[in-house]
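Have a look at the structure below before the remarks.
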Amino acid sequence: MSSVPLHYIDLRTFCYATEDEKRVEDALRTLLPEEFELQRLENEGHHGDRILVFSARVENADAMRVVLDRLGELPSEQRQQLLGELDERVTDNTELFLTLDKQAAFGGDVRLGDGITVRAKVEAYPATKDAAVENARDVLESL
(Lines of atoms letter the chains of each structure in order from A and count residues from 1; the text may use other names and numbers.)
(Lines give C-alpha, C1' and ligand atoms only; values in the text may rest on other atoms or scores of the structure.)
Protein backbone atom coordinates (compact mmCIF):
# COMPACT_ATOMS: atom_id res chain seq x y z
CA MET A 1 0.00 0.00 0.00
CA SER A 2 1.88 3.05 -1.22
CA SER A 3 -0.51 5.71 0.05
CA VAL A 4 -2.57 5.43 3.21
CA PRO A 5 -6.18 6.60 2.73
CA LEU A 6 -6.42 7.63 6.37
CA HIS A 7 -5.96 11.01 8.02
CA TYR A 8 -4.92 9.47 11.34
CA ILE A 9 -5.34 6.46 13.63
CA ASP A 10 -6.17 6.92 17.32
CA LEU A 11 -5.53 4.11 19.78
CA ARG A 12 -6.71 4.19 23.40
CA THR A 13 -6.85 1.86 26.36
CA PHE A 14 -7.62 2.14 30.05
CA CYS A 15 -5.54 0.85 32.94
CA TYR A 16 -7.69 0.10 35.95
CA ALA A 17 -6.47 -0.11 39.54
CA THR A 18 -6.40 -3.92 39.32
CA GLU A 19 -4.10 -3.91 36.28
CA ASP A 20 -0.35 -3.49 35.99
CA GLU A 21 0.43 -0.15 34.31
CA LYS A 22 3.51 -1.44 32.47
CA ARG A 23 1.64 -4.44 31.05
CA VAL A 24 -1.21 -2.26 29.78
CA GLU A 25 1.26 0.15 28.19
CA ASP A 26 3.09 -2.78 26.58
CA ALA A 27 -0.21 -4.09 25.19
CA LEU A 28 -0.86 -0.78 23.44
CA ARG A 29 2.73 -0.57 22.21
CA THR A 30 2.24 -3.92 20.45
CA LEU A 31 0.31 -2.00 17.78
CA LEU A 32 2.64 1.00 17.48
CA PRO A 33 6.04 1.73 15.94
CA GLU A 34 9.00 1.44 18.29
CA GLU A 35 9.54 4.38 20.62
CA PHE A 36 6.20 5.94 19.66
CA GLU A 37 5.09 8.57 22.17
CA LEU A 38 2.10 7.67 24.31
CA GLN A 39 -0.13 10.15 26.09
CA ARG A 40 -0.85 9.23 29.71
CA LEU A 41 -3.76 10.77 31.58
CA GLU A 42 -4.69 9.95 35.15
CA ASN A 43 -8.37 10.00 36.08
CA GLU A 44 -10.43 8.96 39.02
CA GLY A 45 -13.23 6.42 38.80
CA HIS A 46 -16.68 6.75 40.37
CA HIS A 47 -15.50 5.05 43.57
CA GLY A 48 -12.27 7.03 43.83
CA ASP A 49 -10.12 4.39 42.14
CA ARG A 50 -7.33 5.45 39.82
CA ILE A 51 -7.85 4.96 36.08
CA LEU A 52 -5.03 5.67 33.65
CA VAL A 53 -5.81 6.40 30.02
CA PHE A 54 -3.08 5.58 27.51
CA SER A 55 -3.57 6.96 24.02
CA ALA A 56 -1.68 7.62 20.82
CA ARG A 57 -2.52 9.50 17.64
CA VAL A 58 -0.67 8.18 14.60
CA GLU A 59 -0.60 10.74 11.78
CA ASN A 60 2.59 9.94 9.88
CA ALA A 61 2.01 7.64 6.87
CA ASP A 62 4.95 5.36 7.73
CA ALA A 63 3.78 5.00 11.32
CA MET A 64 0.21 4.31 10.13
CA ARG A 65 1.59 1.54 7.91
CA VAL A 66 3.13 -0.07 11.01
CA VAL A 67 -0.26 -0.02 12.76
CA LEU A 68 -1.98 -1.37 9.65
CA ASP A 69 0.64 -4.11 9.30
CA ARG A 70 -0.12 -5.15 12.88
CA LEU A 71 -3.85 -5.14 12.10
CA GLY A 72 -3.02 -7.35 9.15
CA GLU A 73 -2.09 -10.02 11.70
CA LEU A 74 -5.74 -10.42 12.65
CA PRO A 75 -6.90 -13.99 11.99
CA SER A 76 -8.46 -14.23 8.52
CA GLU A 77 -11.92 -15.00 9.90
CA GLN A 78 -11.79 -11.80 11.97
CA ARG A 79 -10.69 -9.78 8.95
CA GLN A 80 -13.67 -11.21 7.06
CA GLN A 81 -15.89 -10.32 10.01
CA LEU A 82 -14.63 -6.73 9.90
CA LEU A 83 -15.29 -6.51 6.17
CA GLY A 84 -18.83 -7.78 6.71
CA GLU A 85 -19.48 -5.24 9.47
CA LEU A 86 -18.02 -2.16 7.78
CA ASP A 87 -21.36 -0.43 7.40
CA GLU A 88 -21.84 -0.62 11.18
CA ARG A 89 -18.21 0.23 12.00
CA VAL A 90 -17.89 3.35 9.85
CA THR A 91 -19.67 6.49 11.06
CA ASP A 92 -21.24 9.33 9.13
CA ASN A 93 -18.13 11.31 10.14
CA THR A 94 -15.99 8.84 8.12
CA GLU A 95 -14.46 7.19 11.19
CA LEU A 96 -13.75 3.46 11.35
CA PHE A 97 -14.03 1.94 14.83
CA LEU A 98 -12.85 -1.42 16.11
CA THR A 99 -11.76 -2.84 19.44
CA LEU A 100 -8.92 -5.23 20.07
CA ASP A 101 -8.25 -7.72 22.84
CA LYS A 102 -5.92 -6.05 25.35
CA GLN A 103 -4.79 -9.34 26.91
CA ALA A 104 -3.92 -10.82 23.51
CA ALA A 105 -2.04 -7.64 22.58
CA PHE A 106 0.05 -7.95 25.74
CA GLY A 107 1.02 -11.42 24.50
CA GLY A 108 1.95 -9.98 21.09
CA ASP A 109 -1.17 -11.17 19.28
CA VAL A 110 -3.72 -9.03 17.46
CA ARG A 111 -7.34 -10.12 17.84
CA LEU A 112 -10.73 -8.47 17.95
CA GLY A 113 -12.02 -8.18 21.48
CA ASP A 114 -12.24 -5.64 24.26
CA GLY A 115 -9.74 -3.31 25.82
CA ILE A 116 -8.06 -1.32 23.03
CA THR A 117 -10.14 1.07 20.96
CA VAL A 118 -8.96 1.89 17.45
CA ARG A 119 -10.46 4.85 15.62
CA ALA A 120 -9.25 5.60 12.11
CA LYS A 121 -10.33 8.76 10.30
CA VAL A 122 -10.89 7.55 6.74
CA GLU A 123 -10.17 9.86 3.81
CA ALA A 124 -13.28 10.16 1.69
CA TYR A 125 -14.00 12.57 -1.14
CA PRO A 126 -16.78 13.49 -0.97
CA ALA A 127 -16.87 13.03 2.81
CA THR A 128 -19.72 10.56 2.88
CA LYS A 129 -20.18 7.35 4.79
CA ASP A 130 -20.46 5.34 1.56
CA ALA A 131 -17.15 6.67 0.26
CA ALA A 132 -15.52 6.02 3.65
CA VAL A 133 -16.85 2.44 3.74
CA GLU A 134 -15.34 1.75 0.32
CA ASN A 135 -11.97 3.26 1.31
CA ALA A 136 -11.99 1.34 4.59
CA ARG A 137 -12.77 -1.83 2.62
CA ASP A 138 -9.76 -1.15 0.37
CA VAL A 139 -7.53 -0.70 3.42
CA LEU A 140 -8.71 -3.87 5.12
CA GLU A 141 -8.53 -5.95 1.95
CA SER A 142 -4.93 -4.82 1.40
CA LEU A 143 -3.81 -6.08 4.83
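Numbering of the sequence shown is given in this note's numbering, commencing with residue 1 and proceeding in unit increments.
Idealized CB from N, CA, C, for every residue including glycine.
How about R89 and L98: are their beta carbons less than 8 Å apart? Reading the sequence shown from its first residue, position 89 is the one you call residue 89. Reading the sequence shown from its first residue, position 98 is the one you call residue 98. Going by C-beta atoms, R89 is nearer than 8 Å to L98.
Where V118 and H46 are concerned, what is the direct C-alpha to C-alpha distance, given to the nearest angstrom? Taking the sequence shown and counting its residues from 1, one reaches residue 118 at position 118. Taking the sequence shown and counting its residues from 1, one reaches residue 46 at position 46. If you take the alpha carbons of V118 and H46, they lie about 25 Å apart.
Using DSSP's beta-bridge definition, name the partner residues of Y16. Position 16 of the sequence shown, counting from 1, holds the residue named residue 16. In DSSP, Y16 forms no bridge with anything.
Under the three-state reduction of DSSP, which class applies to R119: helix, strand or coil? As a first step, residue 119 is located in the sequence shown; it is residue number 119 there, counting from the start. R119: strand per DSSP, three-state reduction.
Which residue spans inside the stretch 53-124 form an unbroken alpha helix (DSSP H) run of at least 4? Counting whole runs of 4 or more residues, the stretch 53-124 contains the alpha helix (DSSP H) stretches 61-71, 76-84, 86-89, 102-106.
How long is the line joining the alpha carbons of T128 and Y8, rounded to whole angstroms? Looking up residue 128 in the sequence shown gives position 128. Looking up residue 8 in the sequence shown gives position 8. Approximately 17 Å, taken between the alpha carbons.
Kindly confirm or deny that the stretch 8-25 and the stretch 73-86 touch, where touching means at least three C-beta pairs closer than 8 Å. no
Specify the secondary structure class of F36 as computed by DSSP and reduced to three states. Looking up residue 36 in the sequence shown gives position 36. Here F36 sits in coil by DSSP.
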